[in-house]
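Numbering (numbering that gives the first Met the number 0), first residue to last: 0 to 377. Using N, Cα and C, we set each Cβ at its ideal position, and we do this for glycine too. Quick notes on the structure that follows.
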Amino acid sequence: MHINMKKTLAAVVGAMTLAAVLPATAAQAADNSLHVSGGKIYSAGKQFVPQGINHAYQWYPEHTSSIGDIANTGANTVRVVLSGGRYGTTSASEVSNIVNECKSNNLVCILEDHDTTGYGDTAYAADAKSLSDAVQFWKSVGSAVKGQEDYVMINLGNEPYGNNTASQWTQGTKDAIRQMRDAGFRHTLVLTAPNWGQDWQGVMKDNAKSVYSQDSNVLFDVHMYGVYSTADKVKSYIDSFVNQGLPLMVGEFGNKHSDGIPDAATIMSYTKEKGVGMLAWSWCGNTEGVEYLDLVNNWNAGSLSGWGNMFVNGANGLKSRGIEKAGIYGGGSNSGGSGNTGGNSGTTDDGYPICSSASVDPDGDGWGWENNASCKVR
Numbered sequence: 000m001h002i003n004m005k006k007t008l009a010a011v012v013g014a015m016t017l018a019a020v021l022p023a024t025a026a027q028a029a030d031n032s033l034h035v036s037g038g039k040i041y042s043a044g045k046q047f048v049p050q051g052i053n054h055a056y057q058w059y060p061e062h063t064s065s066i067g068d069i070a071n072t073g074a075n076t077v078r079v080v081l082s083g084g085r086y087g088t089t090s091a092s093e094v095s096n097i098v099n100e101c102k103s104n105n106l107v108c109i110l111e112d113h114d115t116t117g118y119g120d121t122a123y124a125a126d127a128k129s130l131s132d133a134v135q136f137w138k139s140v141g142s143a144v145k146g147q148e149d150y151v152m153i154n155l156g157n158e159p160y161g162n163n164t165a166s167q168w169t170q171g172t173k174d175a176i177r178q179m180r181d182a183g184f185r186h187t188l189v190l191t192a193p194n195w196g197q198d199w200q201g202v203m204k205d206n207a208k209s210v211y212s213q214d215s216n217v218l219f220d221v222h223m224y225g226v227y228s229t230a231d232k233v234k235s236y237i238d239s240f241v242n243q244g245l246p247l248m249v250g251e252f253g254n255k256h257s258d259g260i261p262d263a264a265t266i267m268s269y270t271k272e273k274g275v276g277m278l279a280w281s282w283c284g285n286t287e288g289v290e291y292l293d294l295v296n297n298w299n300a301g302s303l304s305g306w307g308n309m310f311v312n313g314a315n316g317l318k319s320r321g322i323e324k325a326g327i328y329g330g331g332s333n334s335g336g337s338g339n340t341g342g343n344s345g346t347t348d349d350g351y352p353i354c355s356s357a358s359v360d361p362d363g364d365g366w367g368w369e370n371n372a373s374c375k376v377r
């Protein structure tokens, strides 16, 4: 969403034969860092499901206190808009302040570079940046985020590739991941879909497994607006990831939009049922005819809009979901805190999936392989 437009794998294993088949850049054996294993996100050894709200910081830096207001809704995550030049330039010191604000409010911080929105659609986004450009931005603020892997996920670029260049998403994303790892970023990387985030051509859906095989410490992100106007469309897209054991979140959605009416009720209920993350767009500040996407009126946390009341207080809203904070803040559980997580039979104390059967450990070294990731035999 453009506010003005509509808007690791498991540990290094002992057996060399198994290590040889693991994705080479899969990250983090650290106990506390946010990381993906077996298609699930973990924080301090506990499953974590990101559930929260987007905040358009880059256009409204004076409203940093909104991060605390977002935490008070019951959210465990905030996704924060940054920019490397297209909408002004977010400095490393600003990023550091945002991260500290997230931490003081027990929120996981998903930082996203908005410069890539709609790349390739010159009629609407002639000044959009590439994912390679986004990597340069992350390098410029690296001092503020490196070492914060326990609290921060990096969303490489918002809605990269519009409708004209969606086919470039797979290779462009793989290249950007490799550049980020080479630059020393060990964070979970959030990968937003092409087609302005909605993936209506299915490019991310069809190629996610290929990306995940290169680096499994990633989280796929779809934005659900008018394309997802029916329950069947919402459910089939989410199922396409869950059934493959691939991590997914709905990083943006609303209850109405100019390109159609999203089925927000199903998005909320089905993400809860499947243990998939969801974040509403957005706290406040929408303009150019999409002000209805503001969750609060005039930045007033005590004045929810119709959309805000639905998302916070409605059926399957934040207040009723039983949301767990991230494990690093003392929350989390082996069930992920909300929804049916499926997959392996729980986790070990250090956060790795327990194999569903010893049969997936043919060489008897205590490690198996299922759901595209290593697991420990109970």
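**Prompt:** Per DSSP, Val-107 forms a beta bridge with which residues?
**Reply:** Thr-76
Select from Tyr-269, Ser-209, Gln-46 the residue whose C-alpha is nearest the C-alpha of Tyr-227. Tyr-269
Kindly indicate which three-state DSSP category Ile-260 falls into: helix, strand or coil?
coil
- Query: With distances taken from CA atoms, which of Val-94, Asn-96, Pro-159 is nearest Gly-196?
  - Reply: Pro-159
Run through DSSP, which three-state label would Ile-322 get? coil
>> Could you compute how far the alpha carbon of Ser-90 sits from the alpha carbon of Gly-365?
In response: 46 Å
key: 8 Å contact criterion, which Thr-63 and Asn-105 should meet: CB distance rounded   = Not quite, the Cβ-Cβ distance comes to about 16 Å (not below 8 Å), so this is no contact.
Report yes if the CB atom of Asp-112 is closer than 8 Å to the CB atom of Gly-87, and no otherwise. no
Between the CA atoms of Cys-283 and Leu-292 - distance to the nearest angstrom: 8 Å
Beta carbon of Ala-249, beta carbon of Met-277: below 8 Å? Checking the sequence shown, residue 249 turns out to be Val, not Ala. Contact: yes.
I'd like the list of long-range same chain contacts for Gly-288, defined as Cβ closer than 8 Å, with 5 residues on each side in sequence excluded. Ser-257
Alpha carbons only, please: which of Lys-102, Lys-39, Arg-320, Leu-190 is nearest the one belonging to Tyr-150? Lys-102
Quick one: using the 10 Å Cβ neighbour count with 16 as the cut-off for buried, is Gly-367 buried or exposed? buried
Using the three-state DSSP reduction, which class does Asp-348 fall into: helix, strand or coil?
Low confidence applies here, because Asp-348 scores a pLDDT of 49, under 50, leaving its location unreliable; read the following figure in that light. Coil, per DSSP.
Next item on the list: Take the Cβ of Gly-274 as the centre, count every other Cβ of all protein chains shown within 10 Å, and call the residue buried at 16 or more, exposed below.
Entry: buried
Worksheet item: Do three or more CB pairs link the stretch 163 to 181 to the stretch 46 to 55 at distances below 8 Å?
Response: no
| query | Any C-beta of chain C sitting closer than 8 Å to the C-beta of Ser-42? | reply | Absent from the structure: chain C. Only one protein chain is present.
(Q) Looking at the secondary structure, which residues open and close the beta strand (DSSP E) in which Phe-252 lies? (A) 247 to 252
Is the distance from the Cβ of Asn-71 to the Cβ of Trp-280 below 8 Å?
-> no
Q. Contact check, Ala-124 vs Thr-116 under 8 Å by CB: the rounded distance?
A. 6 Å
**Asked** Do Gly-225 and Ile-176 come within 8 Å of each other at the CB atom, strictly closer than that value?
**Response** no
- Leaving aside the five residues before and after Ala-182 along the sequence, list all residues of the same chain whose C-beta is less than 8 Å from its C-beta, in chain order. Val-134, Trp-137, Lys-138, Gly-141
query: Which class does Arg-180 belong to by DSSP, given the choice of helix, strand or coil?
result: helix
Are the CB atoms of Asn-254 and Met-179 nearer to each other than 8 Å? no
>> Is the beta carbon of Asp-220 closer than 8 Å to that of Leu-190?
In response: yes
Candidates Leu-130, Ile-69, Ser-36, Gly-51: closest to Ser-302 by CA position: Ile-69
| said: Quick check: the Cα distance between Ser-65 and Val-79, rounded to an integer number of angstroms? | reply: 11 Å
Measuring straight from C-alpha to C-alpha, what distance separates Gly-316 and Val-233?
17 Å
If you drop the 5 nearest sequence neighbours on each side, which residues of the same chain put their C-beta closer than 8 Å to that of Asn-297? Cys-283
Proximity winner among Val-94, Tyr-56, Cys-108, Trp-58, relative to Lys-324 (alpha-carbon distances):
Cys-108
Review point. Below 8 Å between beta carbons: does that hold for Gly-51 and Asn-31?
Key: no
- Given a threshold of 16 other Cβ atoms within 10 Å of its Cβ, counted over all protein chains shown, does Gln-170 qualify as buried or as exposed? exposed
*What does a CB cutoff of less than 7 Å around Thr-340 pick up in its chain, not counting 5 residues either side in sequence?*
With a pLDDT of only 38 at Thr-340, under 50, the local geometry of the prediction cannot be trusted, and the value read off the model is given with reservation. Result list for Thr-340: Lys-39, Gln-46, Gly-274, Ser-334, in chain order.
Q | Distance between Val-311 and Thr-265 (C-alpha atoms, nearest Å) | A | 15 Å
> Of the residues Leu-81, Ala-192, Val-35, which one's Cα is nearest the Cα of Gln-57?
Replying inline: Leu-81
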